[in-house]
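Read the structure below first, then the notes.
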Amino acid sequence: MDIVVVFLIIFGLIFFTGGAVGILRFPDFYSRLHPAGKLDTGGGFLIMVALALFNLHHFSLSTLLTSFKIILIVVFVFLSSPTAIHGIVDAGVRAGLGPWTKKND
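See the structure below:
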């Protein structure tokens, strides 16, 4: 069980790292929001599932309920993160922020 938890945490950290690199490397506001929304949600999912599994080492009703609460947090993040990203993109569009275009020299 520990090996599965370690792999989930490592892959979650890879997702978070990819999101951070994408935010730093992409050229404009809209393309930076893509890794912010997708990869952070995926990384959070993997790490929270690892935490829920790790919590079940000493199986009892209280640890089962705690793991269930962690999974509910994951569901909330899956619902709220895309909604928040959409709201941020909509605010950028309403503010008149245009997408990046490559300039020919």
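Here the sequence shown is numbered in our numbering, starting from 24 and rising by one per residue. Idealized CB from N, CA, C, for every residue including glycine. In this text, all values refer to a predicted model and were calculated from it rather than measured experimentally.
query, result
"What separation, rounded to the nearest whole angstrom, lies between the Cα atoms of residue 76 and residue 119?", "45 Å"
"Excluding sequence positions up to five away, which residues of its chain have a Cβ less than 7 Å from the Cβ of residue 86?", "78, 79"
"Measure the Cβ-Cβ separation of residue 26 and residue 59 and say whether it is below 9 Å.", "no"
"Have a look at residue 29 and residue 89 and give me their C-alpha separation to the nearest angstrom.", "20 Å"
"Ordered along the chain, which non-local residues of its own chain (more than five positions away) have a Cβ less than 6 Å from that of residue 127?", "none"
"What first and last residue would you give for the alpha helix (DSSP H) that runs through residue 109?", "84-117"
"Does DSSP put residue 57 in a helix, a strand or coil?", "helix"
"Alpha carbon to alpha carbon, what distance is there between residue 33 and residue 96?", "20 Å"
"Could you please give the first and the last residue of the uninterrupted alpha helix (DSSP H) stretch that includes residue 120?", "That residue, residue 120, is in no alpha helix (DSSP H); it is neither H nor E in DSSP."
"List the endpoints of the continuous alpha helix (DSSP H) containing residue 49.", "Looking at the DSSP string, residue 49 is not in any alpha helix (DSSP H), and its letter there is neither H nor E."
"Look at the Cβ atom of residue 112, then the Cβ atom of residue 56, and state whether they are nearer than 9 Å.", "yes"
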